[in-house]
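Participant: The listed protein sequences derive, respectively, from chains Z and A.
Under the numbering used here, the first residue of the first sequence is numbered 1, with each subsequent residue one higher.
Under the numbering used here, the first residue of the second sequence is numbered 507, with each subsequent residue one higher.
All C-beta atoms, glycine included, are put in the ideal place defined by N, C-alpha and C.
Being a predicted model, the structure only gives us computed values, none of them experimental.
Please find one structure pasted underneath; my questions will follow.
Number of protein chains: 2
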Amino acid sequence: MRADGLAGGEGGADRLGELIPVALRAMAAGIAERGGPVPAGGPAAVAAALVAERGELGQVTAASGPILAGAATADERAKPEAGPLSAALPRTGVGAEAALEHLSRLLAAGSADPGDPSCAAHLHCPPLAVSVAADVVASALNPSMDSWDQAPVASELEREFTAGIARMCYPHAETPDAVVTTGGTESNLLGLLLARERNPRAQPVCGANAHHSVARAAWLLGLPAPVVVPCEGDRMLPGALADVLTPDSVVVATAGTTNTGTLDPLPEIARICRRNHARLHVDAAYGGMALCSPSLKTKLDGLELADSVALDLHKFGWQPVAAGLFAAREAADLGALTVRAEYLNADDDTEAGLPDLLGRSIRTSRRPDAFRMAVTVHALGTDGLGALVERCCTTATEVARMVDDHPGLRLWGAPELSTVVLRPVVADETGDELVARVRRALLEAGTAVIGRAALPTGPGGESRLWLKLTLLHPHTTAEDYRPLLDRIAATAGAELVAGRESPVAS
Amino acid sequence: MRADGLAGGEGGADRLGELIPVALRAMAAGIAERGGPVPAGGPAAVAAALVAERGELGQVTAASGPILAGAATADERAKPEAGPLSAALPRTGVGAEAALEHLSRLLAAGSADPGDPSCAAHLHCPPLAVSVAADVVASALNPSMDSWDQAPVASELEREFTAGIARMCYPHAETPDAVVTTGGTESNLLGLLLARERNPRAQPVCGANAHHSVARAAWLLGLPAPVVVPCEGDRMLPGALADVLTPDSVVVATAGTTNTGTLDPLPEIARICRRNHARLHVDAAYGGMALCSPSLKTKLDGLELADSVALDLHKFGWQPVAAGLFAAREAADLGALTVRAEYLNADDDTEAGLPDLLGRSIRTSRRPDAFRMAVTVHALGTDGLGALVERCCTTATEVARMVDDHPGLRLWGAPELSTVVLRPVVADETGDELVARVRRALLEAGTAVIGRAALPTGPGGESRLWLKLTLLHPHTTAEDYRPLLDRIAATAGAELVAGRESPVAS
């Protein structure tokens, strides 16, 4: 097979049908080789594996035979690597099969795989197979969402899907609209950008619990750094918010913090914003998809009072990255993104009926991420997705109870979504550094990937380091996490001993 | 099969091995159904097809049987659609197979497929099968590039790949570095952002030939609108540039314009920038990968004098979107992107040896697009990629000759890369509106997707509308485009007649 076979057009599906099984077999082999949630040995071991693999690929290059179906000629292949390009960019190819086989196995063996329940550090979900399969078709046909003549039906599908998302966020609004983004970070940036376009003096205001992307967006957009409102229990204090608001404020509230999954009191915050004529954006990247669950959606009461909302289906939604969404209560606000480029949306083309897509994003070329999101929702239904969200939240509640009952662990608080925050009891004696070491020891051993969060111990209390489990695996039960809890406690004990024996290790 | 099966972890490859063939069969059926580069009938027909498909999917929902393997129970399935969610977000799923089958066929039938040679409007390439296959593994394992513990080997692979790209752009620099972006638009934004961080008074300056993303980035970053330098033959006039430069200027030159593929005179521009202590960013999103071709790379002489470079492998590089890159001559410049987030790159984790990835992007969660780019380069080698670039450029030169020889067509100028700009001769008589109508007529008929470009007729001349063919299909020869040229001329003739018969149609 030629290394340069195309994925689309006539015959594309056949070529993919030959190559994808090669990649999947290599992936399965790599997962088996890893045998846990993450490769053992930490960064040094992973870097060494890459160097070894480079050697193997080099040997394939030097060998001959039918596996070498690359575009280079035999003469070129015989030449040694030379010129300005590094080993990472070899001049001579090894062919599609060999490259896929080696590098797919390497990627699988060296990944932190959220498909393993012990990989539970971040808002980093295990993707659904249906979404990954749908993405193959999107990749192969490569619709680019910046003009209709690059994405005829993909743009229609996106329009319908985003209309559905807008309606989900704003059931009673007159003209809600939504666009696709690269994730919560870009969605939060859009929230501030739209505010800036309505008011050049916009002043961001957010809780101490807000995602770092809020401050970063302010920096990027040339806005002043956010005014930070204090929190209690990782939740914005509405009274403190009221104290700082002006009509220039654009408030960013959080519906599911990255640290603990806590939701800000949206109805109260929205009331305060209205009273002060301040704009409100809600970062619901984590919690937003709870709207799909009849039993959980009340947590998001008040969401539709916001001017805009960030959602992210690579969290609850089980999409591969990227799967960001941004909803606005008033479609007119998105007019701020309008831009003209003669080759993409000339006036006469738009008048002739060709939809203008360029104003749907701050990007130009854009992958049709809405396609796999739409296929997923059609496959499972919003009820099906809501059931998966519920499952994760229920599991978190049960795991939290186990933590509370565990003699070696302390629970930070009851989970509101699917994040369980905990700390080894022995850390009360030794301090935060032990907590950080437990996390790194588990990661280095390849037995678990867990997260960390700095959180105040109580009202006005000083910040302490906690461990966190962000439970996004939709098929586990609490019992699957019991061995992990025991391992955290045992590792804390072992690190305590190690720390006493060799203080240098700290 | 359960609709909510995972793509990663144990068993993930097996589930994908069941679902992907369903998607590929549907894709092949959709391509056959389309039978051309783009669906006929324009936006109205495509929208109607989507509505019809919605009906079919609805019938699947209403029916029963093993195809309905969705997460919803039979009871729920019996309930009519209700509640605030629109038809685009059905409450009840139809199962993974049915959703994939229907929507993949729909996407393929309704796409503008760059795998068809007659789809040649934009910098919208037909992706290589090897890249699409590699992306399956990346999607399934879902590494997120914002922290090492979400992307152990993926981050190493990216580091090596971007180091290779940086070295390719800057063979002699001391500390070149590169990062992955969502495309040329984000790369151009980074070029201006890094300039702003070194000098808050940064004033963008670009040619009239620059991509619209330059002005958009200035707007987004809160910088003044670019000073626009006149062009001749779609090429920036160095003398005019020298007239406007100040030490606050950040110049954006273009190595391969979107309209014509023309390259700005980089060595001269770089000299002028140095003399004026102005910063220089080169938008080489289109032309940059010519560095892989020994015979074409001299076109990019002077590139390494730039402070930063935008590349995009979804053009020459044959990657699905997104595949943007940004190279900086001095790694220290990228320090502007540094950001701290306790949960992702705490100081003590970084000191303990966990690589800090957060400062490699303005995004947070990030797909490992470098993986499929790296697999592609290992499969074909840079020589293999360079050969494909040469092929496209050679074909363009030959097609341009055919245009020049064609009695019904006029050639704008000799192609520098792979873009052929032309105009029906009869348009001299009728004006630009006929040109726009020819493009739309071919699109509506489903026979060809060609682009448009407004370009001055000569030095100081007024702007006229041209048609363009952007040739990115790496397996075609000039002869494949002869029927398309005839069709353009014939359609112009037909539109001329139609315009005369019914002046209302204009």
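If we call anything under 9 Å between Cβ atoms a contact, is Gly-528(Z) one with Ala-396(Z)?
Facilitator: Lying before the first or after the last residue shown, residue 528(Z) is absent from chain Z, which here runs from 1 to 506.
Participant: Report the rounded CA-to-CA distance for Ala-96(Z) versus Leu-303(Z), giving the unit in angstroms.
Facilitator: So the alpha carbons of these two residues sit roughly 48 Å apart.
Participant: List, in chain order, every chain A residue whose beta-carbon is nearer than 7 Å to that of Gln-150(Z).
Facilitator: Simply Ala-618, His-628 and His-630.
Participant: Between Lys-974(A) and Ala-553(A), what straight-line distance do the alpha-carbon atoms span, to the nearest angstrom?
Facilitator: Taking the straight line joining both Cα atoms gives about 27 Å.
Participant: Identify every run of the beta strand (DSSP E) within the stretch 691-773 of chain A, keeping only runs that are complete inside it and at least 3 residues long; order them along the chain.
Facilitator: Segments of the beta strand (DSSP E) lying fully in the stretch 691-773 of chain A: 709-713, 733-735 and 755-760.
Participant: Using alpha carbons as the reference points, say which of Ala-370(Z), Val-282(Z) and Val-389(Z) lies closest to His-475(Z).
Facilitator: Of the listed residues, the one whose Cα sits closest to His-475(Z) is Val-389(Z).
Participant: Taking 8 Å as the cut-off, is the CB of Gly-523(A) close to at least one heavy atom of the ligand PLP?
Facilitator: Only the bare structure without any ligand can be found here, which leaves the ligand PLP out of the picture.
Participant: Roughly how many angstroms separate the alpha carbons of Leu-496(Z) and Asp-839(A), rounded to a whole number?
Facilitator: Taking the straight line joining both Cα atoms gives about 41 Å.
Participant: Any idea if Glu-444(Z) is buried or exposed, counting beta-carbon neighbours within 10 angstroms, 16 or more meaning buried?
Facilitator: With 16 or more Cβ atoms within 10 Å of its Cβ, Glu-444(Z) is classed as buried.
Participant: Taking 9 Å as the CB-CB limit, is Glu-836(A) close to chain Z?
Facilitator: No - not a single Cβ of chain Z is within 9 Å of the one on Glu-836(A).
Participant: If you drop the 5 nearest sequence neighbours on each side, which residues of the same chain put their C-beta closer than 7 Å to that of Pro-545(A)?
Facilitator: The answer, listed in chain order, is Ala-551, Val-552, Ala-615, Gly-616 and Gly-952.
Participant: Look at the Cβ atom of Pro-224(Z), then the Cβ atom of Pro-200(Z), and state whether they are nearer than 9 Å.
Facilitator: No, the pair does not count as a contact, with Cβ atoms beyond the cut-off.
Participant: I believe His-406(Z) touches Ala-489(Z) by the beta-carbon criterion, under 8 Å. Please report the beta-carbon distance rounded to the nearest angstrom.
Facilitator: Correct: roughly 6 Å between the Cβ atoms.
Participant: Under 9 Å between C-beta atoms, does Lys-974(A) make it to chain Z?
Facilitator: So yes, Lys-974(A) belongs to the interface.
Participant: Could you name the residues that DSSP lists as bridge partners for Ser-308(Z)?
Facilitator: His-281(Z) and Ala-328(Z), per the DSSP bridge assignment.
Participant: According to DSSP, is Trp-148(Z) helix, strand or coil?
Facilitator: DSSP places Trp-148(Z) in helix when its eight states are reduced to three.
Participant: Leaving out the 5 sequence neighbours to the left and right, which residues in its chain are closer than 8 Å to Val-932(A) when beta-carbon positions are compared?
Facilitator: So the qualifying residues of the chain are Gly-914, Leu-940, Ala-998, Gly-999 and Leu-1002.
Participant: Which word fits Arg-372(Z), buried or exposed, when buried means at least 16 other C-beta atoms lie within 10 angstroms of its C-beta?
Facilitator: Per the 10 Å Cβ criterion, buried.
Participant: In the stretch 594-621 of chain A, which residues sit with their C-beta less than 7 Å from some C-beta in chain Z, listed in chain order?
Facilitator: Those would be Ala-594, Leu-595, Pro-596, Arg-597, Thr-598, Gly-599, Val-600, Gly-601, Ala-602, Ala-605, Leu-606, Leu-609, Ser-610, Leu-612, Leu-613, Ala-614, Gly-616, Ser-617, Ala-618, Asp-619, Pro-620 and Gly-621, in chain order.
Participant: Within the 9 Å Cβ cut-off, does Ser-755(A) reach chain Z?
Facilitator: No, because no Cβ of chain Z sits closer than 9 Å to the Cβ of Ser-755(A).
Participant: Taking one C-beta from the stretch 818-838 of chain A and one from the stretch 148-155 of chain Z each time, how about it: are there three or more such pairs within less than 8 Å?
Facilitator: No: the two stretches stay apart, fewer than three of their Cβ pairs being nearer than 8 Å.
Participant: Leu-334(Z) CB to nearest chain A CB: under 9 Å?
Facilitator: Answer no: the Cβ-Cβ gap between Leu-334(Z) and chain A never drops below 9 Å.
Participant: Distance check for Leu-831(A) and Ala-322(Z), CA to CA, integer angstroms please.
Facilitator: Answer to the nearest angstrom: the Cα atoms are 17 Å apart.
Participant: So, is Pro-572(A) buried or exposed, given that buried needs 16 or more other C-beta atoms within 10 angstroms?
Facilitator: Here Pro-572(A) scores only 28 on pLDDT, less than 50, and its place in the model is too uncertain to base an answer on.
Participant: Gln-825(A): buried (16+ other C-beta within 10 angstroms of its C-beta) or exposed?
Facilitator: Under this definition Gln-825(A) is a buried residue.
Participant: Going by DSSP, name the residue or residues bridged to Gly-957(A).
Facilitator: According to DSSP, which records beta bridges pairwise, Gly-957(A) is partnered with Lys-974(A).
Participant: In the DSSP assignment, what are the bridge partners of Ala-684(A)?
Facilitator: Its beta-bridge partners are Ala-833(A).
Participant: Would DSSP call Gly-823(A) helix, strand or coil?
Facilitator: DSSP places Gly-823(A) in strand when its eight states are reduced to three.
Participant: Ordered along the chain, which non-local residues of its own chain (more than five positions away) have a Cβ less than 6 Å from that of Leu-891(A)?
Facilitator: Cβ neighbours of Leu-891(A) beyond the five flanking positions: Cys-798.
Participant: Of all the options Leu-978(A), Ala-885(A) and Val-600(A), which has the alpha carbon lying nearest to the alpha carbon of Ala-509(A)?
Facilitator: Measuring from the Cα of Ala-509(A), the nearest candidate turns out to be Val-600(A).
Participant: How big is the Cα-Cα spacing for Thr-1018(A) and Thr-752(A)?
Facilitator: Only positions 507 to 1012 of chain A appear in the structure, and residue 1018(A) is not among them; the question remains open.
Participant: Rounded to the nearest angstrom, what separates Glu-935(A) and Arg-665(A) at their Cα positions?
Facilitator: In a straight line, the C-alpha of Glu-935(A) is about 56 Å away from that of Arg-665(A).
Participant: Taking contact to mean at least 3 C-beta pairs separated by less than 8 Å, is the stretch 863-880 of chain A in contact with the stretch 660-675 of chain A?
Facilitator: The answer is yes - the stretch 660-675 of chain A touches the stretch 863-880 of chain A, with three or more Cβ pairs under 8 Å.
Participant: For chain A, check one thing: does any of its Cβ atoms lie closer than 9 Å to the Cβ of Tyr-481(Z)?
Facilitator: No, Tyr-481(Z) does not count as interfacial toward chain A.
Participant: Along the stretch 672-689 of chain A, where does the CB come closer than 7 Å to a CB of chain Z? Name the residues.
Facilitator: Cβ contacts with chain Z come from Arg-673, Met-674, Pro-677, Thr-688 and Gly-689.
Participant: Could you tell me how far apart the beta carbons of Asn-259(Z) and Asn-209(Z) are, in whole angstroms, since I believe they sit closer than 8 Å?
Facilitator: Sure, about 7 Å apart at Cβ, within 8 Å.
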